[in-house]
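Take a look at the structure set out below.
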Amino acid sequence: MKKLFLLGTLLLVSLTINAQLMRAEELEKYAKEKYGELWNDAAANLAKDIQLDKNNALTYTQVIEAPGKSKEQLYILLNYWYSNTFGSGKAVIQLNDKDAGVIIGKGYVEHIADHVGGMNTYVVNLTPIIKTDIKEGKVRVTYTVPFYDVNKLAGGGILGNARTATRIEENWAVEKCYPFAEKDKHKKSSSKAFVMAHAYSNVIMDKIEEAVKNGMTGNETEDW
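Residue 1296 in our numbering sits at position 196 of the sequence shown; the count goes up by one each step and never skips.
Now the structure itself:
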């Protein structure tokens, strides 16, 4: 009985880990390898080629060609990918419309940046919206970060003592954060948040392209 309980526990832990696309520490390592360890400089360099969308959100779009694959096949592949990636915790599927060929999920990466400012501590989380539009032979992926999700511990002192601090949920508008706003009192954390958000867009696009072209397991064929 104990062995069965232990096996069940390990399986649950394994499923939880697999459902999470990438943890913050893994994303940070990836971002540093691609853009360097100086967050302010990396953010400024990336911003040279990036414009916010009409809603002042950070948005990336990519069209993935999938010759020979029907809308039905692509929907099944992507539905499988979303179910595995956004099926637990704060990462959720928000819309799944087979007829329209649209799937929308909200991702979640906890604690991508932080800093202490005066008597307050700020922890930044990433909650991007990932939308896929599905047609015959192609998929359009839209990755959007409308704001940074921030947990603020107010009045907890320099060390951010959670027992004496007041927890406040904040949304930081991207256009009011560095590098899009030069005068940003949270520049230290918003620079890193921007680079991490940009890096995560690469991860999402690559994972979806892999699923579209090669499937989730590599054996999704008609021959079985």
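Backbone N, C-alpha and C define an ideal beta-carbon position, used for all residues, glycine too.
Bear in mind that the values here come from a model prediction, so they are computed numbers and not experimental data.
- Under the DSSP definition of a beta bridge, Asn1225 partners with Asp1249.
- Nearest neighbour of Asn1140 by Cα position, chosen from Glu1310, Ser1301 and Phe1280, turns out to be Phe1280.
- Between the C-alpha atoms of Lys1154 and Val1245 there is a straight-line separation of about 13 Å.
- Under the three-state reduction of DSSP output, Asp1149 falls in the coil class, being neither helix nor strand.
- Shown here for Asp1284: same chain residues with a beta carbon closer than 6 Å to its own, the five before and five after excluded, namely Cys1277, Tyr1278 and Ser1290 in chain order.
- Taking a 10 Å sphere around the C-beta of Gly1207, we find 16 or more other C-beta atoms and assign the residue as buried.
- When DSSP states are grouped into helix, strand and coil, Ala1157 belongs to the coil group.
- In summary, Thr1159 is buried, with 16 or more beta-carbon neighbours lying within 10 Å of its beta-carbon over all protein chains present.
- Residue burial is scored here from C-beta neighbours: Glu1128 has at least 16 other C-beta atoms within 10 angstroms and is therefore classed as buried.
- The alpha-carbon of Ile1164 is positioned some 47 Å away from that of Met1219.
- If the five residues before and after Ser1183 are omitted, its C-beta is found closer than 7 Å to no C-beta atom of its own chain.
- Counting along the chain, the unbroken alpha helix (DSSP H) around Val1312 starts and ends at Lys1287 to Asn1314.
- A straight-line Cα-Cα distance of about 35 Å links Glu1210 and Gly1237.
- The beta carbon of Tyr1180 sits closer than 6 Å to those of Met1316, all from its chain and outside the five residues before and after it, given in chain order.
- Secondary structure note for Glu1125: its alpha helix (DSSP H) is the uninterrupted segment Ala1124 to Tyr1135.
- If you draw a straight line from the Cα of Ala1299 to the Cα of Gln1173, it comes to about 29 Å.
- With a beta-carbon spacing of about 19 Å, Asn1145 and Glu1275 fall beyond the 8 Å limit used to define contacts.
- Listed as beta-bridge partners of Asp1197 by DSSP are Val1202.
- Each of Ser1301, Ile1176 and Val1295 was checked against the Cα of Ala1142, and the nearest Cα belongs to Val1295.
- Judged by DSSP in its simplified three-state form, Asp1214 adopts strand.
- For Glu1172, the enclosing alpha helix (DSSP H) starts and ends at Lys1171 to Thr1185.
- Beyond the five residues adjoining it in sequence on each side, His1215 comes within less than 6 Å, by CB distance, of Tyr1222, Lys1288 and Ser1289 in the same chain, given in chain order.
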